[in-house]
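**Q** For what it's worth, our numbering labels the leading residue of the first sequence as 10, then goes sequentially.
Take a look at this one; I'll ask things after.
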Amino acid sequence: MEYRPTEWDARAQQLWRDLNVYRADFPSDRNPFYVLDMFPYPSGAGLHVGHPLGYIASDIVSRFKRHQGFNVLHPMGFDAFGLPAEQYAIQTGQHPAVTTEVNIERYREQLNRLGLGFDWNREVQTCDPDYYRWTQWVFIQLFGAWYNKQSERAEPIETLVAHLNARGTEGLNAACHGEPQCTAAEWAAMDAAQREALLQHFRLAYRSESLVNWCPALGTVLANDEVVNGLSERGGHPVVQKPMLQWSMRISAFAQRLLDGLDDLNWSDSIKETQRHWIGRSQGARIRFTVLAGEVGEVGKVGEVGKAGQGANDPMSSGANEPTSQRTNEPMGGANVLEVFSTRPDTIFGATFMVVAPEHPMLGEWTTEAQRAEVEAYCERAARRSERDRQADTKTVSGVFTGTYVEHPFTGAPIPVWTSDYVLMGYGTGAVMAVPGHDSRDHALAKAMGLPIVQVVASNEPVDVQAEAYEAKSGRAMASEFLDGLATVEAIDRAISELESRGLGERTVQYRLRDAVFGRQRYWGEPIPIAYRDGVPEALPVDELPLKLPAVDKYLPTEDGEPPLARAERWVSAEGLPLETTTMPGWAGSSWYFLRYMDPKNTNAPVDRSAADYWGQVDLYVGGSEHATGHLLYSRFWTHALHDLGHIGFREPFKRLVNQGMIQGISAFVHRIEGTQTVVSAELAGQYSTQKLHVDVSLVNERNEVDRDSLSTWMPSWAGTEFIPSEGPIKVEREVEKMSKSKYNVVNPDALADQYGADAVRLFEMFLGPIEQSKPWDTQGMSGVVGFLKKSVRLMEKRHDGAASADELRILHQLIDKLQRDVETLSFNTSVSAMMIAVNAWSGIPQLAQSTLRDFAVLLEPFAPHTAEALWAELGGEGSVVLAPYPALNPEYLVKDSINYPVQFNGKTRFQLEMPASASAAEVESAVMAHEKTAHFLEGRSPKKVIVVPGRIVNVVG
RNA sequence: GCCCAGGUGGCGGAAUUGGUAGACGCGCACGACUCAAACUCGUGUUCCCCUGGAGUGCGGGUUCGAUUCCCGCCCUGGGCACCA
């Protein structure tokens, strides 16, 4: 039998299609197993060898579980809404759906070329109206829900309305923004618009005026996870903070549950830690300081502000993006009270000034006339700076005195109020009590402005708080009246109790997690299914879904800066109401797609409850770690909410998560003398003033030599290139970098599959190393796995119809044992090596039984399914090897009857001693002592101690 | 700065609960086959001052025994970054 990989690839793939072997059944009596890959965004560049790393691993698990009799769900789809297709549309006028479809077609071909066993009957595309109909449906569910902190779950908005009818906001414990409140009587008196304005503060999908990340270059707002170092994740454009009326998702309501849920998930520590940080729970207290009246400017219009909650443009939305407060009923106190959050209330006696964020809504009120010009100038400067600028110089401190003072709650001393941009409006209350003695940032401002620094925590080591803040939480309170002598932890507790008893503050938990901005001023996304009746948002009736993307003449904003959907001719609901013009962000469709695979054709619901109950959580989810704070958090949030609302029976979507590492490219550079067309071989480059330029890796051979002719004809700009030396090889320089089109280091998996066969690519990617690890792609090693496949095929020449020998069975069962253990940890590099060891061992046996070879074909199948299929056919197997049962492990063949003991003297291995496995420790010891070499290594000493670990090792100490 | 992961031959990497460090593969060297080359097969391949010694980033420690456990440091990759 000759090894013919490309021929076998085609034949096996045809057989799989004919027999529909990857079909997942429902209903079914078999046990379900759900293996999921993060579905790709179909970009124009196609797949490179890095993408399939995770797909191959999950494919191996799927195939393995199928052999073991599980009903395996292993689907694939496309995350098809996104910016690149839209940018291309803006440039060319081509509808994004067209480019997207072309790209999807190419992706599907590339995935199939590698023999990945997906159930394509269940494919989903997020841009398909039959799919996004249900994304819109989920949005409507969230719009129609609120989070009840009493029951700790999301509930239909009707239960909130019932509460408001009965008692107003009294006794209500809900996740919300701002300080919405009303009595039952006030609620009863409100008109529809006023009621909706109030409800918006509670809905899980809501609209509010808030500070958002605005990216002028992309013309859209972005979520926090889409902004990296003050630049947009896509495209790297500057991002600024800007207040806008926007749709948001109240993910902050689920902060504690998203935190707690991590404990039971089988995910990597680093992803869990990343999420914990992103959620950022901190415990402390809210503390209220009374603003000293004499100093307050324009006190007149104060009182009304805090009582808002009525009217469509209510003023209480100003702090909308701040995480929800523990309380809902206490008034913020308007300009009379300055409220801060602190994790160190024990240091309150060290608070020598207050700092509020430049965006703080009360700042204007608190600024005295004398200071007004200076404060306004400062705020304007802070607003103009982009996030990036603000982050760039965290070293320089700046701030301005407002002219106002607050009263210290315990000492009654006046404390000056400052504003500085190191205090963020988006966290806590947007104000802090500055304790320069024990907080480095407060310390920096105090130093710069000459404000007093007081020590209120004593340490065992000598500390000088004038020089540096003492921030450790291990110390005892001092100069703090009733707190003196208490250890920090106790002092915090005591300080909070004291504040609570005086009604000046309370214990609270603060989260860093912000609500997620949900609207995008873009075309290529799901339309938000909201219509406006007299300016009041209402959800479309579910039976009007899908709300399809309208045709537009251009994919750009309108002249007035409205999103592209405003260009549509009649963008109104069935009832004729104007529709929302922003679309959903990229993460909407990917937040629930794993549910749709369970029931992809359902026209009555996103997923039938019975299908969701049968398949349950994803057993294994494989994908990149770059989604740690985006997709992986949002999809958890939606799953929790859908669970609470009764649509599915589990809270957490992904039981186990494995992050595959990145495959890096090995870029090639030539040295070109600056300002010339002359290329210098790398070893001579030091003699010239050269620049390093990327060249395509396909122009370079294994000896790192670039071909002159192909370089000259590679691109027009390289025509007429001259070379030094003029004869002989031209060397390139190599460097490991991220694999990317622009670095010309991309290797395509389908091209490799055409050259070596799909199985060689699969095996090689797995053999490269542990799945989670990043590693450079080096095709040189390919010959190793090709050799293994050829050797495997050559075993067929040894086959006979008789019974299998004990030797060959021992090899077989050791392999089964190893493979079964490896699949649990996805340790497929060692699986490949174990198969190599087995094949090498069988190669040394003159004859092999047909049954052994058949079993081997099944063991090989998850890794190299095409070759296994060819072997299976040759061995007379029925149907497809994909559906064959896994060979049962017979542990008898794993038992060894003798053990080769390494014998150590003082920890150094000196010789081996073969002993029967049944030998006792005493027998082993006497055998060692009787051994001729023992006397030599003891050099006349008598052993102090002989350690015998049965079955393992002997160590003679002496 | 804080948090997480990692550091083993020329290279990718392997090593159950602490128990023969370097499996498997690449590369390299030598040999067989061949007129020759490719393919294939075989042998060797951690290093050194080689009857021995050293050795898993560095320095200590625990242990009969440490890649594995503990303490301190260095480096690499990733995450967060004025979060009060």
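We treat Cβ as the ideally placed atom computed from N, Cα and C, and that holds for glycine.
Bear in mind that the values here come from a model prediction, so they are computed numbers and not experimental data.
1) Which word fits Glu774, buried or exposed, when buried means at least 16 other C-beta atoms lie within 10 angstroms of its C-beta?
2) Could you pull out every residue in the same chain whose Cβ sits closer than 6 Å to the Cβ of Ala481, ignoring the five residues on either side in sequence?
3) Out of curiosity, what's the CA-to-CA distance linking Val794 and Ala767?
4) To the nearest angstrom, report how far apart Arg176 and Phe263 are at their CA atoms.
5) Here's the rule: buried if 16 or more other CB atoms are within 10 angstroms of the residue's CB, otherwise exposed. What is Pro332?
6) Could you give the distance in angstroms between the alpha-carbon of His186 and the alpha-carbon of Leu151?
7) Quick check on Leu892: buried or exposed, where buried means 16 or more other Cβ atoms within 10 Å of its Cβ?
8) Is His104 helix, strand or coil when you go by DSSP?
9) Take Val688 and list the residues in its own chain whose beta-carbon comes closer than 6 Å to its own, dropping the five residues that flank it on each side.
10) Any contact of the stretch 634-651 with the stretch 267-286, i.e. 3+ C-beta pairs under 8 Å?
11) With distances taken from CA atoms, which of Glu887, Lys747, Gln669 is nearest Thr834?
12) Whole angstroms is fine: what's the gap from Asp18's alpha carbon to Phe148's?
13) May I ask which residues mark the beginning and end of the beta strand (DSSP E) holding Pro970?
14) Considering only the beta carbon of each residue, do Met363 and Ala440 sit closer than 8 Å?
15) Following the continuous beta strand (DSSP E) through Arg542, name the residue where it begins and the one where it ends.
16) Could you tell me the distance, in whole angstroms, from the CA atom of Ser721 to the CA atom of Gln119?
17) Mind checking Gln700: buried by the 16 CB within 10 Å criterion, or exposed?
18) For Glu742, does the three-state DSSP call read helix, strand or coil?
19) From Gly633 to His640, what distance separates their C-alpha atoms?
20) Consult DSSP for Leu28 and reduce its assignment to one of helix, strand or coil.
21) Quickly, what does DSSP pair His809 with across the bridge? List them, please.
22) In terms of DSSP beta bridges, what is Asp46 paired with?
23) By the DSSP assignment, the beta strand (DSSP E) with His919 in it spans what residues?
24) Candidates Gln673, Leu693, Tyr697: which alpha carbon is nearest Glu683's?
25) Would you call the stretch 882-898 and the stretch 907-921 in contact, with 3 or more CB pairs under 8 Å?
26) Just list the residues that DSSP pairs Thr517 with in beta bridges.
27) Does the distance from the CB of Asp139 to the CB of Ser599 come in under 8 Å?
28) Would you mind stating whether Ile462 and Ala360 have Cβ atoms separated by less than 8 Å?
29) Give me, in chain order, the residues of the same chain whose beta-carbon lies closer than 6 Å to that of Arg665; leave out the 5 immediate sequence neighbours on both sides.
30) If you pair each beta-carbon of the stretch 872-886 with each one of the stretch 918-928, do three or more pairs fall below 8 Å?
31) Given a cut-off of 8 Å on the beta-carbon distance, is the pair Val248 and Leu231 in contact?
32) How about the stretch 363-378 and the stretch 421-435: do they share at least three Cβ pairs that are nearer than 8 Å?
33) Buried or exposed: Ala694, going by 16 or more other Cβ atoms within 10 Å of its Cβ?
34) Could you check which residue in Gly811, Tyr902, Ser840 has the C-alpha nearest to that of Gln859?
35) Less than 8 Å between the C-beta atoms of Val741 and Met748, yes or no?
36) Rounded to a whole number of angstroms, what is the C-alpha to C-alpha distance between Ser261 and Val526?
**A** By the coordinates alone:
1) buried
2) none
3) Going from the Cα of Val794 to the Cα of Ala767 covers about 11 Å.
4) 25 Å
5) Below a pLDDT of 50, predicted positions are generally treated as unreliable, and Pro332, at 34, falls in that range; the measurement from the model is reported next regardless. Under the 10 Å beta carbon count, Pro332 is surrounded by 16 or more other beta carbons and is classified as buried.
6) 16 Å
7) exposed
8) coil
9) Val679, Arg681, Thr730, Phe732
10) yes
11) Gln669
12) 44 Å
13) The question about residue 970 has no answer here: the residues shown for the chain are numbered 10 through 967.
14) yes
15) 539-542
16) 31 Å
17) Under this definition Gln700 is an exposed residue.
18) strand
19) 11 Å
20) Here Leu28 sits in helix by DSSP.
21) Ala858
22) Per DSSP, the beta-bridge partners of Asp46 are Val631.
23) The identity of residue 919 in the sequence shown is Arg, whereas the question assumes His. 917-925 is the span of the beta strand (DSSP E), which, as asked, contains Arg919.
24) Among Gln673, Leu693, Tyr697, the Cα nearest to that of Glu683 belongs to Tyr697.
25) Flag = no, the stretch 882-898 and the stretch 907-921 do not touch.
26) Gly293
27) no
28) no
29) Asn275, Leu629
30) no
31) yes
32) yes
33) buried
34) Gly811
35) no
36) Ser261 and Val526: Cα-Cα distance of roughly 12 Å.
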